[in-house]
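**Student:**
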Amino acid sequence: MAIYPDDGADRSKLLSNADLAMYEAKNAGRDTYHIFSGELSRKVRVRHDMEKNLRLAISKEEFSLYYQPKINMRRGEITGFEALLRWPSRNISPSAFIEVAEESGLIIPIGEWVLETAGVMLDNFSRWGHGAFSLSVNLSVRQFWGVDFIGFLKGVIARGHFPANRLELEITESQLMRDTVRSAHFIRELKTMGVAVSVDDFGTGYSSLAYLKNFDLDSLKVDQSFIRDLIHDPSDRLIVRAIIAMAHGMRIGVIAEGVETLEQLAFLQHEHCDELQGFLVSRPLPEEDVLPFIKNYNLVKGALFSD
Ligand code: C2E
Ligand code: MG
Ligand code: MG
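Numbering (the numbering used here), first residue to last: 1435 to 1741.
Below you can see the structure in the form of structure tokens.
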């Protein structure tokens, strides 16, 4: 709804503002209505600016990847890294701009750049004598709905010098559940190629646990929100314990993200969680700090993991 004359003094302005309100109603899940407001118009403008800046950033190659180590919980060894997108010149968190990138479709060129860059990093691991390290890349469902994502991915793997199973794709639970039939099909295609698949932010997406068995998954990443209060909140402990038991029952590995304290580490070790990521071990690192981190890792390991 847009109301004359406040929301538009002429026909075309009034119609275009009514259009904005309609899209807002559609975004809110349809079967509803929305009334145009100044607030909505500001929101649309901010989004529009962000989209324009994202387009520029793509052409000017302003993005970079940071890398956060993943650690084997029992032995304390590095198993690989997760690639995390950064937009250094803007200092905006990826969660803030990735949403706009998804809605505008710009996530497709951005995601392609991320995967190409990840392929180069996997080659670096081999050159550095760490060919067993894996690299996780976050994926939006938009990337595999529509364009020939599988064909693109095959190209990345063919151009690299790493086995496909060193590349792991992370998809959030809520995105996977948007279209379970499509997701199951997509995961099967990835698994046929040998690529590893994990579910990110697990526990927040309201998935029916029964669906999990239809997806051939390598690991679940327990959402940070359950790790944060692990020590003080008995129900979080219960949830984490249950996720680990269920995943292991289905032969799926479990990674805890956002581990910040030794107490959290001790609890997760006790519960036989497989891997951890978090500031306790390291923040995400710029590319040039990755090799030095690997070389000095024994010091960190000695401080956190007793034999
Ligand atoms: P995510 O994949 O769940 O990544 C984990 C987030 O937690 C990262 O935030 C990381 O920096 C942060 N983190 C890691 N350890 C700790 C810790 O100990 N404590 C706390 N408080 N935080 C920790 P970041 O880098 O801001 O990324 C946010 C989200 O943006 C990611 O969540 C992921 O969903 C998305 N994202 C990042 N890069 C990409 C990308 O290349 N493509 C897509 N589609 N999404 C991406
Ligand atoms: Mg992730
Ligand atoms: Mg996560």
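Idealized CB from N, CA, C, for every residue including glycine. The structure displayed is predicted, hence computed values, not measured ones.
On the premise that residue 1721 lies in contact with residue 1504, defined as a C-beta separation below 8 Å, what is that separation, rounded to the nearest angstrom?
**Tutor:** To locate residue 1504, count along the sequence shown from 1; it is residue 70. To locate residue 1721, count along the sequence shown from 1; it is residue 287. Rounded, the Cβ-Cβ distance is 17 Å, inconsistent with contact.
**Student:** Look at the Cβ atom of residue 1643, then the Cβ atom of residue 1611, and state whether they are nearer than 8 Å.
**Tutor:** Residue numbering aside, residue 1643 sits at position 209 when the sequence shown is read from its first letter. Residue numbering aside, residue 1611 sits at position 177 when the sequence shown is read from its first letter. No; because the gap between Cβ atoms is not below 8 Å, this pair is not in contact.
**Student:** According to DSSP, is residue 1479 helix, strand or coil?
**Tutor:** To locate residue 1479, count along the sequence shown from 1; it is residue 45. Residue 1479 falls in the helix class under three-state DSSP.
**Student:** Assign residue 1633 to buried or exposed, taking buried as 16 or more other Cβ atoms, counted over all protein chains shown, within 10 Å of its Cβ.
**Tutor:** On the sequence shown, position 199 is the one that residue 1633 refers to. Result: buried.
**Student:** Assign residue 1636 to one of three DSSP states: helix, strand, or coil.
**Tutor:** Locating residue 1636 in the sequence shown gives position 202, counting from the first residue. If DSSP states are grouped into helix, strand and coil, residue 1636 belongs with the strands.
**Student:** With a cut-off of 8 Å, do at least 3 Cβ pairs link the stretch 1515-1530 to the stretch 1495-1502?
**Tutor:** yes
**Student:** Hey, would you say the C-beta of residue 1415 is under 7 Å away from at least one heavy atom of ligand 1?
**Tutor:** The displayed coordinates of the chain run from 1435 to 1741. Any statement about residue 1415 would go beyond what the structure contains.
**Student:** Give the C-beta separation of residue 1691 and residue 1724 to the nearest angstrom, bearing in mind that I take them to be a contact with Cβ-Cβ under 8 Å.
**Tutor:** Position 257 of the sequence shown, counting from 1, holds the residue named residue 1691. Position 290 of the sequence shown, counting from 1, holds the residue named residue 1724. About 19 Å separates the two Cβ atoms, so there is no contact after all.
**Student:** Could you tell me the distance, in whole angstroms, from the CA atom of residue 1546 to the CA atom of residue 1570?
**Tutor:** Residue numbering aside, residue 1546 sits at position 112 when the sequence shown is read from its first letter. Residue numbering aside, residue 1570 sits at position 136 when the sequence shown is read from its first letter. Approximately 14 Å between the Cα atoms of the pair.
**Student:** Is residue 1602 helix, strand or coil by DSSP?
**Tutor:** Residue numbering aside, residue 1602 sits at position 168 when the sequence shown is read from its first letter. Of the three classes helix, strand and coil, the one that applies to residue 1602 here is strand, per DSSP.
**Student:** Measure the beta-carbon distance from residue 1637 to residue 1677 and round it to whole angstroms, keeping in mind my assumption that it falls under 8 Å.
**Tutor:** Your numbering for residue 1637 matches position 203 in the sequence shown. Your numbering for residue 1677 matches position 243 in the sequence shown. About 6 Å separates the two Cβ atoms, so the contact holds.
**Student:** Closer than 7 Å: is that where the CB of residue 1634 sits relative to any heavy atom of ligand 2?
**Tutor:** The residue labelled residue 1634 in the question sits at position 200 within the sequence shown. Residue 1634 Cβ: within cutoff of ligand 2.
**Student:** Does DSSP classify residue 1490 as helix, strand or coil?
**Tutor:** Numbered from its first residue, the sequence shown carries residue 1490 at position 56. Annotated three-state conformation of residue 1490 is helix, per DSSP.
**Student:** Run through DSSP, which three-state label would residue 1543 get?
**Tutor:** Locating residue 1543 in the sequence shown gives position 109, counting from the first residue. If DSSP states are grouped into helix, strand and coil, residue 1543 belongs with the helices.
**Student:** Taking 8 Å as the cut-off, decide whether the C-beta atoms of residue 1631 and residue 1651 are in contact.
**Tutor:** As a position in the sequence shown, residue 1631 is number 197, starting the count at 1. As a position in the sequence shown, residue 1651 is number 217, starting the count at 1. Yes, Cβ-Cβ distance for residue 1631 and residue 1651 is below 8 Å.
**Student:** How would you write the range of the beta strand (DSSP E) that residue 1427 sits in, first residue to last?
**Tutor:** Since the first residue shown for the chain is 1435 and the last is 1741, residue 1427 is missing from the structure and cannot be characterised.
**Student:** Among 1585, 1639, 1712 and 1735, which one has its Cα closest to the Cα of residue 1549?
**Tutor:** Your numbering for residue 1549 matches position 115 in the sequence shown. Checked all of 1585, 1639, 1712 and 1735; the closest Cα to residue 1549 is 1585.
**Student:** Please report how far the alpha carbon of residue 1485 lies from the alpha carbon of residue 1683, in whole angstroms.
**Tutor:** For the purposes of this step, residue 1485 is taken as residue 51 along the sequence shown, with counting starting at 1. For the purposes of this step, residue 1683 is taken as residue 249 along the sequence shown, with counting starting at 1. Whole-angstrom Cα-Cα distance: 44 Å.
**Student:** Excluding the 5 residues preceding and the 5 following residue 1441 in the sequence, name in chain order all residues of the same chain whose CB lies nearer than 7 Å to its CB.
**Tutor:** Here residue 1441 refers to the residue found at position 7 of the sequence shown. Answer for residue 1441: 1448, 1451 and 1470, listed in chain order.
**Student:** Here's a check: name, in chain order, each residue in its chain whose Cβ is nearer than 7 Å to the Cβ of residue 1592, leaving out the five neighbours to either side.
**Tutor:** Mapped onto the sequence shown, residue 1592 falls at position 158. So no residue of the chain qualifies.
**Student:** Please name the residue, chosen from 1480, 1517 and 1465, that lies closest to residue 1718 on a Cα-to-Cα basis.
**Tutor:** Translated into the one-based positions of the sequence shown, residue 1718 becomes position 284. Looking only at 1480, 1517 and 1465, the smallest Cα-Cα distance to residue 1718 is reached by 1517.
**Student:** With H, G and I counted as helix, E and B as strand and the rest as coil, what does DSSP make of residue 1458?
**Tutor:** On the sequence shown, position 24 is the one that residue 1458 refers to. Of the three classes helix, strand and coil, the one that applies to residue 1458 here is helix, per DSSP.
**Student:** Taking 8 Å as the threshold, find out whether the stretch 1660-1675 comes into contact with the stretch 1613-1632 through three or more Cβ pairs.
**Tutor:** no
**Student:** Looking only at its own chain, which residues have a Cβ that is under 6 Å from the Cβ of residue 1670, when we skip the five neighbours before and after it?
**Tutor:** For this step, residue 1670 is matched to residue 236 along the sequence shown. For residue 1670, where only same-chain residues beyond five positions count, the Cβ hits under 6 Å are 1660, 1663 and 1664.
**Student:** What is the DSSP secondary structure of residue 1665, reduced to helix, strand or coil?
**Tutor:** On the sequence shown, residue 1665 is found 231 positions in, with the first residue counted as 1. Note: residue 1665 maps to coil in three-state DSSP.
**Student:** Going by DSSP, name the residue or residues bridged to residue 1689.
**Tutor:** Here residue 1689 refers to the residue found at position 255 of the sequence shown. Paired residue(s): 1655 and 1709.
**Student:** Residue 1533: beta carbon under 7 Å from a heavy atom of ligand 2?
**Tutor:** The residue labelled residue 1533 in the question sits at position 99 within the sequence shown. Result no, Cβ not under 7 Å from ligand 2.
**Student:** Could you check if residue 1572 belongs to the surroundings of ligand 2, using beta carbon to heavy atom distance under 7 Å?
**Tutor:** Translated into positions along the sequence shown, residue 1572 becomes position 138. Residue 1572 Cβ: within cutoff of ligand 2.
**Student:** What three-state label does DSSP hand residue 1629 in the structure shown?
**Tutor:** Position 195 of the sequence shown, counting from 1, holds the residue named residue 1629. Looking at residue 1629 - three-state DSSP - the assignment turns out to be coil, as it is neither helix nor strand.
**Student:** I'd like the list of long-range same chain contacts for residue 1658, defined as Cβ closer than 6 Å, with 5 residues on each side in sequence excluded.
**Tutor:** One-based indexing of the sequence shown puts residue 1658 at position 224. Cβ neighbours of residue 1658 beyond the five flanking positions: 1691 and 1692.
**Student:** Using 10 angstroms around the beta-carbon of residue 1500, count the other beta-carbons present and answer buried if the total reaches 16, otherwise exposed.
**Tutor:** Looking up residue 1500 in the sequence shown gives position 66. The Cβ neighbour count for residue 1500, taken over all protein chains shown within 10 Å, is at least 16; the residue is labelled buried.
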